[in-house]
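*Asks:* Numbering (my numbering), first residue to last: 348 to 460.
Below is one structure. I have some questions about it.
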């Protein structure tokens, strides 16, 4: 299944709007950031690990972070896909990138056809 940010945002708006709040979602995000830090510390050998698949665990924790980031955007009616593209466009000009996100996606999707 291909999942878009818009799909996830619509799903989380449906799931959380009406009862969840941005402060609670932010606190969950901070918790997940800590869990990513813990996995990265284990991978770097700075913390003992009894887990076998730290790669899988890292993926799970990163997915949790994305979940709460997108949920915060959904609760605030922020069109995250649009904002990401615009932010990248500005950064690409500022840092003289030859390709911005919008161009990359357009080129990449043509190559897959």
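Ideal Cβ positions, reconstructed from N, Cα and C, are used throughout, including at glycine.
Computed from a predicted structure; not experimentally measured.
(1) Starting from the Cα of residue 452, find the closest Cα among 364, 435 and 443 and give me that residue.
(2) Here's the rule I'm using: 16 or more other beta-carbon atoms within 10 Å means buried, otherwise exposed. How should residue 418 be labelled?
(3) Measuring CA to CA, which of 349, 350 and 367 is closest to residue 423?
(4) On the DSSP letters alone, give me the boundaries of the alpha helix (DSSP H) that residue 432 sits inside.
(5) Short of 7 Å in beta carbon distance, which residues of its chain neighbour residue 409, apart from the five on each side in sequence? Order them along the chain.
(6) Taking residue 432 and residue 448 to be in contact with their CB atoms under 8 Å, please state how far apart those CB atoms are, rounded to whole angstroms.
(7) Please state whether the Cβ-Cβ distance between residue 350 and residue 414 is less than 9 Å.
(8) Verify whether the separation of the beta carbon atoms of residue 386 and residue 405 is less than 9 Å.
(9) Express the C-alpha separation of residue 365 and residue 375 in angstroms, rounding to a whole number.
*Replies:* Taking the definition as stated:
(1) 435
(2) buried
(3) 367
(4) 427 to 441
(5) 383
(6) 6 Å
(7) no
(8) yes
(9) 18 Å
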